[in-house]
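S.K.: Using my numbering, you'd call the opening residue of the sequence shown number 111 and step up by one each time.
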Amino acid sequence: MTVWKVLLIILLVLWLISRIRIGGRVSYGEAGLLVTALAGPLKVQILPAKPKKPKKAKRQKKKKPPVAQEHKKEPPEGRPGTLSRLMKLLPVVGEACGALKRKIRIDDLELEIVWGSPDPAAAALGYGRAHAALGMLWPILDHNFKVKRHSFQVGVDYDRGEPTAEVRAAVTLTIGQIMALGARYGVKALIVWIKSGRADRKKQEAMSHE
Numbered sequence: 111m112t113v114w115k116v117l118l119i120i121l122l123v124l125w126l127i128s129r130i131r132i133g134g135r136v137s138y139g140e141a142g143l144l145v146t147a148l149a150g151p152l153k154v155q156i157l158p159a160k161p162k163k164p165k166k167a168k169r170q171k172k173k174k175p176p177v178a179q180e181h182k183k184e185p186p187e188g189r190p191g192t193l194s195r196l197m198k199l200l201p202v203v204g205e206a207c208g209a210l211k212r213k214i215r216i217d218d219l220e221l222e223i224v225w226g227s228p229d230p231a232a233a234a235l236g237y238g239r240a241h242a243a244l245g246m247l248w249p250i251l252d253h254n255f256k257v258k259r260h261s262f263q264v265g266v267d268y269d270r271g272e273p274t275a276e277v278r279a280a281v282t283l284t285i286g287q288i289m290a291l292g293a294r295y296g297v298k299a300l301i302v303w304i305k306s307g308r309a310d311r312k313k314q315e316a317m318s319h320e
């Protein structure tokens with residue numbers, strides 16, 4: 111019974127790990143670009159980078175005079191057919207991107223546009239265009255991604271000389287989804303790579319016998 115309990119605990123821990131969502135949060139506005147990596151409850155700021163502590167100056171070592179090299183090694187040439195083999199992987203990559211797109215979840219999406227213009231007519235025209243653009247954007251996002259929460263706001267400010275926009279988005283997917291996609295399409299890519307290598311070798315052997 112003890113062995114089964116240990117196995118159940120291990121499976122439970124693995125399942126809990128697979129449910130952890132990882133991704134990133136991006137914010138852009140008047141304050142600039144802010145990028146934060148997300149891993150469950152953990153948050154790590156990537157941009158803007160935090161200032162590093164100044165390092166102590168190291169003593170410079172005396173450089174030894176370069177020794178003359180008699181023979182320089184030539185860079186190895188790429189194997190023939192490598193580019194064509196990579197091109198054959200593109201359908202698998204495209205399929206993986208399509209599956210990844212369906213797994214990604216937009217947890218939070220906020221877009222705030224303030225159309226600033228001292229001219230009331232120009233402000234009204236810009237306001238209408240912004241609403242029309244959001245009306246076209248939302249069906250695309252809703253059709254291709256899972257959006258948990260979204261908020262779109264459009265306003266007018268006659269005291270501003272130009273339009274401004276604030277964008278905030280958080281995108282995540284689970285570790286289990288990443289592992290499943292990696293295993294599925296990694297095997298597919300490996301099979302295509304091996305088959306293409308065999309085909310190239312057969313072509314080279316046929317050409318050498320001619």
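Heads up, the beta-carbon is just placed ideally off N, CA and C, and yes, glycines get one too.
#1: Measure the Cβ-Cβ separation of residue 215 and residue 282 and say whether it is below 8 Å.
#2: Taking residue 139 and residue 158 to be in contact with their CB atoms under 8 Å, please state how far apart those CB atoms are, rounded to whole angstroms.
#3: Got a sec? Which residues, its chain only, sit under 7 Å from residue 290 by beta carbon, not counting five neighbours each side?
#4: According to DSSP, residue 274 sits in a beta bridge with which residue or residues?
#5: Residue 276 to residue 145, Cα distance in whole Å?
#6: Any beta carbon from chain D within less than 8 Å of residue 286's own beta carbon?
#7: Between 294, 114 and 299, which has its C-alpha nearest residue 209's C-alpha?
#8: Identify, in the order they occur along the chain, each residue of the same chain with its Cβ nearer than 7 Å to the Cβ of residue 116, setting aside the five sequence neighbours on each side.
#9: Are the Cβ atoms of residue 235 and residue 262 separated by less than 8 Å?
#10: Would you mind sorting residue 125 into buried or exposed? The rule is 16 or more other CB atoms within 10 Å of its CB.
#11: Excluding five sequence neighbours on each side, which residues of the same chain lie with their C-beta closer than 6 Å to the C-beta of residue 206?
#12: Compare the beta carbon distance of residue 259 and residue 218 with 8 Å and say whether it is the shorter of the two.
#13: Quick one: what's residue 135 bridged to in DSSP?
#14: Would the beta-carbon of residue 130 fall within 8 Å of that of residue 150?
#15: If you pair each beta-carbon of the segment 220-229 with each one of the segment 195-204, do three or more pairs fall below 8 Å?
#16: Let's test the definition: count the other Cβ atoms within 10 Å of the Cβ of residue 194 and tell me whether it reaches 16, buried, or not, exposed.
#17: With DSSP as the reference, label residue 215 as helix, strand or coil.
M.R.: With the structure as the only source:
#1: Position 105 of the sequence shown, counted from the first residue, corresponds to residue 215. Position 172 of the sequence shown, counted from the first residue, corresponds to residue 282. Yes, the Cβ-Cβ distance between residue 215 and residue 282 is below 8 Å.
#2: Here residue 139 corresponds to residue number 29 of the sequence shown, with the count starting at 1. Here residue 158 corresponds to residue number 48 of the sequence shown, with the count starting at 1. That pair is no contact at about 13 Å.
#3: On the sequence shown, position 180 is the one that residue 290 refers to. Closer than 7 Å at the Cβ level, and outside the excluded window around residue 290, lies no residue.
#4: Indexing the sequence shown from 1 puts residue 274 at position 164. DSSP lists 224 as partners of residue 274.
#5: Position 166 of the sequence shown, counted from the first residue, corresponds to residue 276. Position 35 of the sequence shown, counted from the first residue, corresponds to residue 145. Those two C-alpha atoms are separated by around 14 Å.
#6: Absent from the structure: chain D. Only one protein chain is present.
#7: Indexing the sequence shown from 1 puts residue 209 at position 99. Considering only alpha carbons, the answer is 294.
#8: In the sequence shown, residue 116 corresponds to position 6, counting from 1. Correct list: empty, nothing qualifies.
#9: In the sequence shown, the residue the question calls residue 235 occupies position 125. In the sequence shown, the residue the question calls residue 262 occupies position 152. Contact flag unset, no.
#10: As a first step, residue 125 must be located in the sequence shown, where it is residue number 15. Its Cβ having fewer than 16 others within 10 Å, residue 125 is exposed.
#11: Position 96 of the sequence shown holds residue 206. Within the same chain, residue 206 has close Cβ partners 295.
#12: Mapped onto the sequence shown, residue 259 falls at position 149. Mapped onto the sequence shown, residue 218 falls at position 108. The answer is yes: Cβ separation under 8 Å.
#13: Residue 135 sits at position 25 when you count from the first residue of the sequence shown. Note: residue 135 sits in a beta bridge opposite 146 and 280.
#14: Position 20 of the sequence shown, counted from the first residue, corresponds to residue 130. Position 40 of the sequence shown, counted from the first residue, corresponds to residue 150. Yes, they are a contact pair.
#15: no
#16: Walking along the sequence shown from the start, residue 194 turns up at place 84. Burial call: exposed.
#17: Position 105 of the sequence shown, counted from the first residue, corresponds to residue 215. If DSSP states are grouped into helix, strand and coil, residue 215 belongs with the strands.
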